[in-house]
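So the structure is just underneath, and the comments pick up after that.
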Amino acid sequence: MATVSLKKLTKRYGSIEIVHGIDLDIADREFIALVGPSGCGKSTTLRMIAGLEEISAGSIGIGGRVVNDLPPRSRNISMVFQSYALYPHMTVRENLGFSLKIAGAAKDEMDRRVAEASAILGLDALLDRRPSQLSGGQRQRVAMGRAIVRDPDVFLFDEPLSNLDAKLRTQMRTEIKKLHAKVQSTVIYVTHDQVEAMTLADRIVIMRDGYIEQVGTPDEVFRRPATRFVAGFIGSPPMNLNEATVDGGQLVFASGARLPLPAQFKANVTAGDKVVFGLRPDDIYPTGHGLSSGDATAVHQIELPITVTEPLGNETLVFVEFNGSDWVSRMLNPRPLRSGERVAMSLDLSQAHLFATDTGKTLRS
Amino acid sequence: MDENSSARLKRRLLGIVYRIGLFLAMLTICLPGLWIVLSSLRPTVEIMAKPPVWIPQQISFDAYVAMFSGIGKGGIPVIEYFRNSLIISVTSTVIAVAIGMAGGYAFARYRFRGKSGVFLGLMLTRTVPGIALSLPLFFLYVRLGIIDTHFGLILAYVALNVPFTIWLIDGFFRQVPKDLAEAAQIDGCTRWQAFWQVEFPLAGPGIASAAIFAFLTCWNEFALASQLTRSVSAKTLPVGLLDYTAEFTIDWRGMCALAVVMIIPALTLTYIVQKHLVGGLTSGAVKG
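Top line first, the protein sequences correspond to chains A and B.
Each residue of the first sequence is one higher than the one before, starting from 335 at the first, in the numbering used here.
Each residue of the second sequence is one higher than the one before, starting from 20 at the first, in the numbering used here.
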């Protein structure tokens, strides 16, 4: 059990800087997810914490101990790789016990801990098989088992679910969550899948181009995204984002369409400001088919043409045309709709977001 | 005839043609070997007969008996040659594989300046025919006083084999996923332990095949050995074959018998090791 702290952590390959001096403090037993698009530096950061990648500047502390130059084996961490990285020439039992064998543990101690891990993950029937005889989900579990056996201070996960099919991924996600509840370790989990990050993590770190964009609980990054990038990255379907200009009490879009300026931003913008307006699919819905935030005065009514509908059973994603682009809206208690039909839409502007066009930062105070 | 039966017939015919083709190919490969074995068992008259006698009329093991009978009775120091061949081949193979593992691993895993240049340079050394080296090597060895020694020949063979073993082993290490060594390091291994516990066993079949190739190259090499050795204390089996040539005659039967003696260990070794050359051992390590 340990805290992890990154201070001005930097990675350079030659003259190219990949990670630009990031700071992050992770509490003991916290589940942290690093998310971002590919190439954002999240995996590099994880590998630096693991000791598989040298750090160019800054420092890494695990449990209050600076580990900058320690080899991976001295950091008391364990890691689950995207490729699982099981040793193909060893049985599942040998894979699980490998770290103990290297550490010179006694035979009965080894058997006991392998049995423990195998019981937690339901691997008992597979112990004498080789990795090539296992399915993807089973390999994934063995990889996690191997991590548990070490009883590490920190678990590192590097996109562990991305090789699994959608159904298995959901299932393993739940298992990882249960596992964390059971072993109570600090977890750093890298993924490009924001759904995984939202469902698993206590706090989410959103990275982009080697910088941290925002750190916050799933609720914070969803409801109060600090930047336009976070707003677009978190949430599925993604937030509808359109550029506009502030004109008195209104937002003027490129097509000439206008919306009232959301009240919560009035103090922070002046006429002529270029802004990006954002509204989640949940906050725009065919009138009478959505969740109201409770502030009825902030709901703006507008009639918009439907381009496409995607029925999902309990709800329908309705794409409506606004300002020349498709906006996604979520329709609850759906009724059949036709393309081209004009429907009355409710826009809950109390939930709207505004970002500065140039910096991308939120205009919320 | 309906479509199905004609398709079936066509498939059967193709199968037969395929088998005949395979038989001819195998015949081409195996016939010289078979001819050597036959020639070692039949009298010179039959060997030299024109047109050739395909089925031997009389079989005798005289050549083999004579070979081991000692000097003066048609024998040659075959035990000494065998010993020389074994010492030189095994030692140079072990050294070439050790260097090949180190080099191959470095090429497969590390980035360093001039990597592709060095690699190309190593490969280029293989383009020089061994025989072209024999004269310069001869002079050099004479000056150094290592002519006609095990050491001299081992040195030459190591140099000959290293580029090849590096190239082959490099390829096998590349197939071992990097993640495995990293996982081993996180599991508590040093870099060195990770290599021996994980990467080496997985590249094992490849290293074994590199070893076989290196061994056979040394075992069968003639050109350099014939230049760099001259006495019983260093001559290898291929050079020993020359003992059967006299000023005016060549004892083809004896030569073939010695060739058979030479082939047997090489064949046995290859047979033993090839069982262990199981491919696909790394399947299941990563993804599915």
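Glycine residues also receive a C-beta, built at the ideal position from the N, C-alpha and C atoms.
Since the model is a prediction, treat every value here as computed from it, not as a measurement.
In the DSSP annotation of this structure, I78/B is not part of any beta strand (DSSP E), being labelled neither H nor E.
For P220/B, the residues of chain A that pass the 8 angstroms Cβ criterion are H423, in the order they occur in the chain. Within chain A, the residues whose beta carbon sits less than 7 angstroms from that of L199/B are A419 and Y421, listed in sequence order. With 16 or more other Cβ atoms from the protein chains shown falling within 10 Å of its own Cβ, L688/A counts as buried.
Here G566/A has P572, M573 and L575 as same chain residues with Cβ atoms under 7 angstroms from its own Cβ, once five neighbours each way along the sequence are excluded. For F556/A, no Cβ of chain B is located within less than 8 angstroms of the residue's own Cβ. Within the same chain, Cβ atoms closer than 6 angstroms to the Cβ of P494/A are found at V414, the five residues on either side in sequence being excluded. Interface residue (Cβ-Cβ distance to chain B less than 8 angstroms): L386/A is classified as such. Straight across, the Cα-Cα distance linking I35/B with T378/A is about 58 angstroms. From the listed residues D445/A, R557/A, G479/A and M382/A, the smallest Cα separation to Y418/A is found for G479/A. About 18 angstroms separates the beta carbons of G569/A and R507/A, which is beyond the 8 angstroms limit, so they are not a contact pair. The shortest CA-to-CA distance from D629/A to any of S519/A, T344/A and Q685/A is the one to Q685/A.
Interface annotation, P668/A: not in contact with chain B, CB-CB separation never under 8 angstroms. The three-state reading of DSSP puts I150/B in helix, counting H, G and I together.
Chain order gives the chain B residues near I436/A as D206, G207, C208 and Q212, where near means a beta carbon separation below 7 angstroms. Of the candidates S519/A, L625/A, K501/A and Q598/A, S519/A places its Cα closest to the Cα of A481/A. Of the residues assessed, L386/A falls on the buried side of the cut-off, its CB having 16 or more other CB atoms within 10 angstroms. Looking at I352/A, R446/A, P596/A and A384/A, the one whose alpha-carbon comes closest to that of D487/A is A384/A. By alpha-carbon distance to D362/A, the top candidate from G397/A, L340/A, H354/A and P371/A is G397/A. With fewer than 16 other beta carbons inside 10 angstroms of its own, S250/B counts as exposed. Here N667/A has H623 as same chain residues with Cβ atoms under 7 angstroms from its own Cβ, once five neighbours each way along the sequence are excluded. For Q293/B, the number of other beta carbons within 10 angstroms of its own is below 16, and it is reported as exposed. With its beta carbon less than 8 angstroms from one in chain B, S433/A belongs to the interface. Here D682/A is bridged, per DSSP, to V633/A. Taken atom to atom, the span from the alpha-carbon of G590/A to that of L380/A is near 46 angstroms.
Secondary structure of R475/A (DSSP, three-state): helix.
The beta carbon of A202/B falls within 8 angstroms of a beta carbon belonging to chain A, placing the residue at that interface. Taking 8 angstroms as the cut-off between beta carbons, the residues of the segment 460-485 of chain A near chain B are R464, P465, S466, Q467, L468, S469, G470, R473, R480 and R484, in sequence order. Your pair V662/A and M679/A does not check out as a contact, with CB atoms roughly 12 angstroms apart and the cut at 8 angstroms. Positions of the beta strand (DSSP E) runs, each at least 3 residues long and wholly inside the segment 360-433 of chain A, are given as 365-369, 391-396 and 411-414 in order along the chain. Residue state for S659/A is assigned as strand, using DSSP reduced to three classes. Considering only I95/B, K69/B, R132/B and R61/B, the residue with the shortest C-alpha distance to L261/B is I95/B.
Neighbourhood of I411/A in chain B, by CB distance below 8 angstroms: I205, in chain order. Sequence-distant Cβ neighbours of T144/B in its own chain, meaning closer than 6 angstroms and more than five residues away, are P182.
When the alpha-carbon of P422/A is set against those of L41/B, F138/B, I165/B and D198/B, the nearest one is in D198/B. Secondary structure note for E547/A: it is in no alpha helix (DSSP H), and the uninterrupted beta strand (DSSP E) holding it is Y545 to G550.
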